[in-house]
Amino acid sequence: MHRYLSIDIGGTNLKYGLLDRSGKLIMKNKRATPNNQVDFLGAFNQIIAQYYSQVAGIAISTPGKVDTQQGIVYFGGSLPYLDGLNFKQEIAANFGPLPVGVENDGKAGALAELWLGALQGKVNSAAIILGTGVGGGIILNNQLWSGSHFQAGELSFMVNNYQQTEYQQMVGMDVSAVAMIEEIATKLNLPDKKDGVAAFELINQGVPLAKRVFEKYCRKVAYLILNVQSVVDLTTYAIGGGISAQPILVKTINQAYDKILAELPLVKRTLTRPEIKQAKFKNEANLYGSLYSLLVQLDEEGGKH
12 MHRYLSIDIG
22 GTNLKYGLLD
32 RSGKLIMKNK
42 RATPNNQVDF
52 LGAFNQIIAQ
62 YYSQVAGIAI
72 STPGKVDTQQ
82 GIVYFGGSLP
92 YLDGLNFKQE
102 IAANFGPLPV
112 GVENDGKAGA
122 LAELWLGALQ
132 GKVNSAAIIL
142 GTGVGGGIIL
152 NNQLWSGSHF
162 QAGELSFMVN
172 NYQQTEYQQM
182 VGMDVSAVAM
192 IEEIATKLNL
202 PDKKDGVAAF
212 ELINQGVPLA
222 KRVFEKYCRK
232 VAYLILNVQS
242 VVDLTTYAIG
252 GGISAQPILV
262 KTINQAYDKI
272 LAELPLVKRT
282 LTRPEIKQAK
292 FKNEANLYGS
302 LYSLLVQLDE
312 EGGKH
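Okay, so the sequence shown: first residue is 12 according to my numbering, each after it adds one.
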């Protein structure tokens with residue numbers, strides 16, 4: 012059996028799919044994410060029970076800090092009831108021995124791009140995932156850099172807005188794609204404050220107010236890239252998340268980055284400009300990335316897959 016079950020735990024949906032070891036997505040589905048741990052484990056185990064006999068391993072992507080060696084999630088991000096959950100033990104107790112990999116969702120997004128997407132062959136690179144907050148994964152020497160405490164790439168926790176207080180200072184709040192869309196919708200009296208499609212229609216039409224909010228947002232993303240670049244000196248950044256499907260996003264981020272360099276000639280001379288490009292994977296990224304994480308883990312353990 013060379014099929015694997017990938018499960019992407021999101022704040023809204025549990026997405027899952029069967030993939031083969033080459034990364035071919037054979038089947039995908041989703042169900043609503045429950046709002047408490049008991050119901051979550053019930054839904055989670057139902058998904059596994061349906062496919063357990065067909066697969067050679069289970070790959071999980073989840074919000075929160077993830078101890079990939081033990082399979083434990085801490086904090087749980089948008090799903091705090093995941094805090095302390097040991098997925099490897101949970102699956103072993105309910106279904107028996109089977110290879111299980113658990114990866115943070117932002118890092119899974121980066122691994123998908125490294126394996127089969129925009130970061131293929133990019134030895135030192137990163138993915139920046141724009142959504143409610145800002146997720147990310149950093150690739151060094153062709154491997155995901157997890158850091159000393161499994162926390163590398165947690166871009167939401169960077170501080171970039173020193174005039175603000177508390178969480179408003181942080182990239183996760185200040186560079187939120189959801190907040191940018193809500194700001195446009197509120198200022199232009201759109202009926203649905205979370206309707207990204209409607210907001211981008213106005214941006215693409217060049218409506219002045221929408222364009223101003225959007226360009227300010229893209230400049231913040233460009234500053235974020237510059238800050239990361241000054242520390243790890245990468246060649247390529249892949250911009251992911253739902254809004255990355257809009258071509259104007261990466262185009263405007265590139266323009267903002269060049270404008271910042273023009274304003275700061277010393278930086279332009281000193282730091283080599285990286286490539287900023289659209290990520291290949293959108294909503295299915297974590298299904299691929301969590302599987303790649305598991306396959307790498309099996310390789311390191313000398314397992315066959």
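Note that CB positions come from ideal geometry on N, CA and C, so glycine has one too.
Alpha carbon of residue i to alpha carbon of residue j, nearest angstrom
i      : j      : result
Val239 : Glu295 : 25 Å
Lys315 : Thr281 : Unreliable positioning characterises Lys315 in this predicted model, as indicated by a pLDDT of 48, which lies under 50. A coordinate reading is not provided.
Leu303 : Pro219 : One point to set straight first is that residue 303 is Tyr, not Leu, in the sequence displayed. Roughly 43 Å between the two C-alpha positions.
Ile102 : Gly82  : 10 Å
Val182 : Leu109 : 38 Å
Ala249 : Gln257 : 14 Å
Lys222 : Ile69  : 43 Å
Pro276 : Gln216 : 33 Å
Ser241 : Leu166 : 14 Å
Boundaries (first-last residue) of the alpha helix (DSSP H) holding residue i
i      : result
Leu306 : 296 to 311
Gln216 : 207 to 216
Gly183 : 182 to 185
Ile271 : 258 to 274
Inter-residue CB distance, residue i and residue j (contact presumed, cutoff 8 Å)
i      : j      : result
Gly300 : Ala121 : 7 Å
Leu245 : Ala137 : 5 Å
Pro297 : Asp19  : With the sequence shown as reference, residue 297 is identified as Asn, and Pro is not the correct amino acid for it. About 4 Å; that satisfies the 8 Å criterion.
Leu52  : Thr73  : In fact, because the Cβ distance is near 13 Å, the residues do not count as touching under 8 Å.
Gly34  : Leu305 : At roughly 12 Å, the Cβ-Cβ gap does not stay under 8 Å, so Gly34 and Leu305 are not in contact.
Closest residue to residue i among the options (Cα-Cα distance)
i      : options                       : result
Leu235 : Gly158, Ile139, Thr23         : Ile139
Met191 : Met169, Gly158, Val145        : Val145
Phe161 : Glu312, Ile59, Met38, Tyr85   : Tyr85
Val170 : Gly158, Ser157, Phe55, Met184 : Met184
Gly95  : Ile102, Lys76, Val182         : Lys76
Leu29  : Gly53, Asn46, Gln61           : Gln61
Lys39  : Asp31, Ala163, Pro45          : Asp31
Tyr228 : Asp206, Gln216, Ile259        : Ile259
Asn105 : Thr247, Phe55, Gly88          : Phe55
Endpoints, the beta strand (DSSP E) within which residue i is located
i      : result
Thr246 : Taken as a continuous stretch (DSSP letters only), Thr246 belongs to no beta strand (DSSP E), as it is neither H nor E.
Lys99  : First-last for Lys99: 98 to 106, but that is the alpha helix (DSSP H), not the beta strand (DSSP E).
Asp19  : 14 to 20
Glu193 : Segment 188 to 198 is the alpha helix (DSSP H) holding Glu193; no beta strand (DSSP E) there.
Gly286 : A small fix is needed here, since residue 286 is Glu in this sequence, not Gly. From DSSP, the beta strand (DSSP E) with Glu286 extends over 286 to 289.
field: Length at least 3, wholly inside the stretch 57 to 139: the beta strand (DSSP E) runs in chain order
entry: 69 to 73, 76 to 78, 83 to 85, 111 to 115
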